[in-house]
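Below is one structure; the comments refer to it alone.
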Amino acid sequence: VSTGFSYDETTTNPHNDDVSTANDNYLAVESFFVKYPHLKKNPFYITGESYAGVYIPMLATEVFKRNSTINLKDGDRNYQASYDFALGHGLVTTEWYEKKIESCCECKSGPQHECDFNKPVNVSKCESVPLAFVSTPNPYNIYDECFPDLELQYVFNTYSKPHFDKMGLRFPLNGEYKENVNKPKCPKNGHTPYLNQPDVRKALHVREGTQRW
Numbered sequence: 004v005s006t007g008f009s010y011d012e013t014t015t016n017p018h019n020d021d022v023s024t025a026n027d028n029y030l031a032v033e034s035f036f037v038k039y040p041h042l043k044k045n046p047f048y049i050t051g052e053s054y055a056g057v058y059i060p061m062l063a064t065e066v067f068k069r070n071s072t073i074n075l076k077d078g079d080r081n082y083q084a085s086y087d088f089a090l091g092h093g094l095v096t097t098e099w100y101e102k103k104i105e106s107c108c109e110c111k112s113g114p115q116h117e118c119d120f121n122k123p124v125n126v127s128k129c130e131s132v133p134l135a136f137v138s139t140p141n142p143y144n145i146y147d148e149c150f151p152d153l154e155l156q157y158v159f160n161t162y163s164k165p166h167f168d169k170m171g172l173r174f175p176l177n178g179e180y181k182e183n184v185n186k187p188k189c190p191k192n193g194h195t196p197y198l199n200q201p202d203v204r205k206a207l208h209v210r211e212g213t214q215r216w
C-alpha cells in the first residue's frame, strides 16, 4: 500500500513502513513453517535485490530478536555473477573478460568459474586490468537506449556506482545526471513526471486524490 498509485480504502494515511514490513514478512515466514513444519530444519537463506537491501537485514533482525527456531544462515554476495551477467548480455567485451581471467585467476584443473575476480591470487595484477566501459546508458534496463529517470540516476550514483567501480565496471552514469535531450523516443526526464501528468493519470483511471507516483 502507498506504492505507486495504490491506496487503502479504509484510511487516507495507512501505516506502512520498513518496520511494519519487517514484522509482516516475519509473520509470513513463520506461517509458512507452521504449514510446512518438516521444512523448518532446513537452512534458511534470505535473498533479494534493490530495496531488499533494507528488507533482508530487518527481517533477519526480527528472526533473532524473537528467538525464532528458523534455521537462518548467513550467505555471501556473488559478485562474480555480475561479471558473468555483463559478459553474457554483451555489456563488456570477451577480450576484457579474458584479460580478467588471465590476471585474476589461478590456472588449475577444475571448473573455470571457481575463479572469483574479487578474490584474486595477485591483487595488484588483477586490479591492473583497465576499467570496462559498459555499453548501455541504462543500468536498470540494459536494452534501453534511454537514460533512466533523474531520480533513479541519483539512486544509482549514490548506492550502486561505488560497487561497480570497485568491480572495474564503469557505466555512462559517471556521477553526472543526464536528461534524454534530442532523443524523441525517450522521455526527457524519465517516467516519474510522465506518470504524474493529469492526462496520463486520467487515462489510467487513477482515483482522484491519490498520491503522486
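Positions in the sequence shown are counted from 1; adding 3 to them yields the numbering used here.
For every residue, glycine included, the Cβ atom is placed at its ideal position computed from N, Cα and C.
Short Cβ contact (7 Å threshold) for residue i with residue j
i, j, result
"C129", "C189", "no"
"L134", "R173", "yes"
"F47", "L75", "yes"
"T161", "F8", "no"
"V37", "N19", "no"
"L94", "S138", "yes"
"V124", "E109", "yes"
"D21", "V57", "yes"
"F88", "K103", "no"
"R215", "N199", "yes"
Residue range of the alpha helix (DSSP H) that includes residue i
i, result
"S131", "Element bounds for S131: n/a, residue is neither H nor E."
"S71", "From DSSP, S71 is part of no alpha helix (DSSP H); its letter is neither H nor E."
"E98", "T97 to C107"
"S85", "Y82 to G91"
"K205", "P201 to A206"
"L198", "H194 to L198"
"K38", "D21 to K38"
Helix, strand or coil at residue i [DSSP, three-state]
i, result
"R215", "coil"
"R173", "strand"
"F150", "coil"
"F120", "coil"
"F8", "coil"
Selection from the options that minimises the alpha carbon distance to residue i
i, options, result
"L62", "S85, T96 and T24", "T24"
"S131", "K169, Q156 and R204", "K169"
"P140", "D202, T64 and F159", "F159"
"G51", "I59, N45 and K44", "I59"
"C107", "I145, S127, T96 and H92", "S127"
"E179", "I145, K164 and K186", "K164"
"F136", "E105, R210, Q156 and G171", "G171"
"N144", "K186, H92, H166 and W99", "H92"
"K264", "Y157, D147 and R69", "The requested residue 264 does not occur in the structure, where the chain is confined to residues 4 to 216."
"K43", "A84, I73 and Y82", "I73"
"A84", "T97, N26 and C118", "C118"
Would the segment 192-203 and the segment 141-155 be scored as touching if the rule is three or more Cβ pairs under 8 Å? Yes: at least three Cβ pairs fall under 8 Å.
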